[in-house]
């Protein structure tokens, strides 16, 4: 995987064309061309490999991958990320990346996976209740009312 920021730097480095224009103002059309060209060639959507630095998610422009493939739009972010994870694995397989003996499995970007894991852990953690006043305890485990 690569972040949009890393991709932008790589594009500018390889082409010799530099811009001070904000990344989000020019990267979308470039990635869109990659989507259409990959589809034309019969390649898996390479843009599934490009994620945001801050959250590890594919951009909103990923909807173009679905549109070009004739698939319905996916509004749910996590569902879109699952689609992108499948597409990444297809890219790795298609372009000969080293994979585990079992062929690998679709995976979120590490940053997104960490967020999903944290949310799952907090959802699975049972709510603690004060035994004296029956109020939910804060994360400290010490009741604010009873001390």
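Numbering (this note's numbering), first residue to last: 175 to 321. Cβ atoms here follow ideal geometry from the backbone N, Cα and C, with glycine treated the same way.
{"Item": "The region 244-264 contacting the region 300-320, beta-carbon criterion three pairs below 8 Å", "Value": "no"}
{"Item": "Cβ separation of residue 224 and residue 209, assumed to be a contact under 8 Å, to the nearest whole Å", "Value": "Not a contact, Cβ separation roughly 10 Å."}
{"Item": "Heavy atom of the ligand FAD within 7 Å of residue 222 beta-carbon", "Value": "Although the ligand FAD was asked about, the structure shown includes no ligands whatsoever."}
{"Item": "Cα-Cα separation between residue 221 and residue 303, rounded to whole angstroms", "Value": "47 Å"}
{"Item": "Cβ-Cβ distance between residue 178 and residue 201 below 8 Å", "Value": "yes"}
{"Item": "Residue 309, buried or exposed, once every other Cβ within 10 Å from all chains shown has been counted against 16", "Value": "exposed"}
{"Item": "8 Å Cβ cutoff met for residue 324 and residue 282", "Value": "Shown here, the chain extends from 175 to 321; a query on residue 324 therefore has no answer."}
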